[in-house]
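Numbering (my numbering), first residue to last: 116 to 216.
Following this line, the structure appears as C-alpha cells:
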C-alpha cells in the first residue's frame, strides 16, 4: 500500500510508521502536495495543530471516514470529537474482522 501511486485522500485512516508518533492511527485532514499531508487524531494531535507528515512515513489503510471527508468538504474543518470517533469506529471494525477469522 506504500505504492507512490496510492496517495492518501482526505478522511483516510493512516498509521504512522516513522517518527515520534509511530504506531498511532490518525486521519488525513489535509493534502499539501504529492509528498506531504496533514494528519490529526483529535486527541494527542488536534485538528488546529495538525502534523505535516511525509507520506513515505505513513502506512495508508484502505478505510475512509465519510463523516470526516464530508465535514471537511462542506465546512473546511472537522471537530476533534469527529476525528476520535472515526478512529474508534475503525479500530472496532478492525478488531471484529480479526476475531471473526
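Using N, Cα and C, we set each Cβ at its ideal position, and we do this for glycine too. Model, not experiment: these values are computed from the prediction.
In the structure shown, the three-state DSSP call for residue 197 is helix. Taking C-beta atoms as the reference points, residue 143 and residue 124 count as a pair closer than 8 Å. If the five residues before and after residue 205 are omitted, its C-beta is found closer than 6 Å to the C-beta atoms of 128, 178, all from its own chain and listed in chain order. The closest CA to that of residue 197, considering only 170, 181, 208, is found on 181.
Straight-line measurement puts the Cα of residue 171 at about 8 Å from the Cα of residue 150. Around the beta carbon of residue 161, fewer than 16 other beta carbons sit within 10 angstroms, so the residue counts as exposed.
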